[in-house]
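Residue numbering for the sequence shown follows my numbering, starting at 21 and increasing by one per position.
Notes follow the structure.
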Amino acid sequence: MFSGQRILLIVSGGIAAYKSLELIRRLREGGATVRCILTRAGAEFVTPLSLAALSGDKVYDDLFSLTDEAEMGHIELSRDADLLVVAPASADLLAKMATGQADDLATTALLATDKPILVAPAMNVRMWEHAATQANMALLDERGVLSVGPSEGEMACGEFGFGRLAEPEEIAAAIADFFRSNNRLRGTRALVTSGPTYEAIDPVRYIANRSSGRQGHAIADALSRLGAETTLISGPTGLGDPPGVRVVRVESAEDMMAACQAALPVGVAVCAAAVADWKVTSANPQKLKKDGGLPRLDLAPNPDILASLSAAGTERPALVIGFAAETENVIEHAKAKRAKKGCDWILANDVGPATGTFGGARNRIHMIDDRGVEAWPVMTKTAVAAELAERIADHLAAGSGKGPAARRGKTAA
Ligand code: CTP
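Here you go:
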């Protein structure tokens, strides 16, 4: 089940830390190589010796150990793994992950890694339900950190509720799921556009829009997590590069178009960028001065990237997906847009000022394909991205037909 996979297991403090021993046994039985980091609090509950005996490797537990640094630096430790698993993940460690602290080996490895992370939280029910922990988990979820549990039950402290560490077999099953889906798009090339474009008025001023790039970046991240060789072509955003994704930064719509063409051929293209519809033909090579009077801006249409990818002849990706940003008559406009642009799927979202979609963390999607309209529940942009990536994988696996194959089943309108 885990043959050839390298797992870095971080054991933090908590009465449930003993379950990590059983988890190691299962992972190794499945063929994984397991390396362990034990936090200082974790060492109050399990000994380095028992972790070392079960993992068959030395246990890393001291950021400042010169021997460890010489053998394997803390950065290599995390880079060398296919997956980082934090089990149990205490409230404290989750808070440190959310705020990017790095004051011991575990937190340093977690901050330095560009590898996927799965956390299995375990704590007292009140700590779990506290707004701070829930906000930390939401932030980690938005960043693509996977989680399993906690489950409900009697706690060591005598209370009852959510907070118990998931059982080792559940954690092992979540890890197996991760490795299964991690390979679903291996061998597929993907192209994603994201962010706004800037259309120059003069060397310091430009026309732009309110797109944050969060949805597009999340989609590139989700496709890459399923194993796709992903190119993200992004207008200016304040976002970091998703790990493992080739990022091409552009400013104008024309540059974005050229970068997209250079990225072909791909199996799937997702156009999530809010491309400016017009460019300024009268862009001035020098900064316009106020005392020169009111400037006149002549506009010309920009190339339509989605439409041109959809009509790319032999270079056309097998699946072309667009977004429709609408402020009214969302579904009607999106259906018309799909027909006009010739793409396979359109994900319509309401970007009216009251929705908070532009720049916000959540999105309400209506997905339109040749079978109709499907309303998705309100989801975080990360969840929308993960859902879309799974559907893309389903569709490409099904090999034909224009709709997402197996996973359909929500409300169709
Ligand atoms: N799009 C594109 N190139 C453009 C304009 C839009 O690739 N020059 C893509 C967007 O990335 C999105 C889809 O087309 O996937 C629809 O974008 P949207 O802004 O909703 O529509 P427009 O085509 O700009 O039409 P309108 O502004 O009239 O709604």
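Note that the Cβ used here is the ideal one computed from N, Cα and C, for glycine as well.
Does residue i come out as helix, strand or coil in the three-state DSSP assignment?
i	result
residue 204	coil
residue 299	strand
residue 328	helix
residue 217	coil
residue 175	coil
residue 156	helix
residue 65	coil
residue 107	strand
residue 346	strand
residue 60	coil
residue 22	coil
residue 258	coil
residue 248	coil
residue 423	Bear in mind that a pLDDT of 41 at residue 423, under 50, signals an unreliable position, so the number given afterwards is only what the model happens to contain. If DSSP states are grouped into helix, strand and coil, residue 423 belongs with coil.
residue 271	coil
residue 386	strand
residue 431	The pLDDT assigned to residue 431 is 34, lower than 50, so where the model puts this residue is not dependable, and the model offers no usable value.
residue 99	helix
residue 79	strand
residue 224	coil
residue 321	strand
residue 168	coil
residue 399	strand
Can you find a CB in chain D that lies within less than 8 Å of the CB of residue i?
i	result
residue 403	The structure shown contains no chain D; it is built from a single protein chain.
Considering only C-alpha positions, which residue in the set the options is nearest to residue i?
i	options	result
residue 14	371, 366, 40	The shown model of the chain, from 21 to 433, leaves out residue 14, and the question about it has no answer.
residue 335	285, 159, 161, 149	285
residue 104	76, 417, 112, 135	135
residue 417	316, 327, 266, 287	287
residue 406	77, 51, 165, 120	165
residue 301	273, 281, 312, 279	273
residue 243	264, 230, 229	264
residue 282	294, 295, 293, 267	267
residue 237	269, 315, 147	269
residue 4	408, 198, 356, 155	Any answer about residue 4 is impossible in this case: the structure gives the chain only from 21 up to 433.
residue 338	412, 383, 393	412
residue 113	157, 38, 395	157
Quick check: residue i and residue j, are their CB atoms within less than 8 Å of each other?
i	j	result
residue 140	residue 59	no
residue 202	residue 246	yes
residue 342	residue 361	yes
residue 253	residue 211	yes
residue 106	residue 62	no
residue 72	residue 79	yes
residue 370	residue 350	yes
residue 47	residue 221	no
residue 101	residue 206	no
residue 110	residue 138	no
residue 44	residue 213	no
residue 115	residue 152	yes
residue 217	residue 255	yes
residue 279	residue 215	no
residue 99	residue 53	no
residue 277	residue 328	yes
residue 75	residue 55	yes
residue 372	residue 347	yes
residue 148	residue 182	yes
residue 262	residue 275	no
Can you give me the Cβ contacts of residue i inside the same chain, cut-off strictly under 6 Å, excluding the 5 residues immediately before and after it?
i	result
residue 184	170, 171, 173
residue 36	108, 142, 185
residue 367	343, 385, 387
residue 260	none
residue 234	401
residue 249	209
residue 21	50, 196
residue 159	118
residue 354	344, 366, 368, 388
residue 251	211, 266, 283
For residue i, which residues from the same chain have a beta carbon less than 7 Å from its beta carbon, with the 5 sequence-adjacent residues on both sides left out?
i	result
residue 297	321, 322
residue 426	Caution is warranted here: a pLDDT of 38 is assigned to residue 426, below 50, making its placement in the model unreliable, and the coordinate value is therefore given only provisionally. Excluding sequence neighbours, residue 426 sits near 414.
residue 363	326, 330, 340, 341, 342
residue 68	58, 79, 81
residue 179	144, 145
residue 229	216, 294, 296
Which same chain residues, not among the five before or five after residue i, have their C-beta less than 8 Å away from its C-beta?
i	result
residue 177	144
residue 57	28, 29, 30, 31, 79, 80, 81, 97, 125, 126, 129
residue 163	402
residue 42	188
residue 64	33
residue 441	Absent from the structure is residue 441, since the part of the chain shown begins at 21 and ends at 433.
residue 420	Summary for residue 420: the model assigns pLDDT 41, below 50, so the residue's position carries little reliability, and this model does not support an answer.
residue 38	65, 66
- Would you call the region 297-308 and the region 222-241 in contact, with 3 or more CB pairs under 8 Å? Contact between the region 297-308 and the region 222-241 is present, because at least three Cβ pairs lie under 8 Å.
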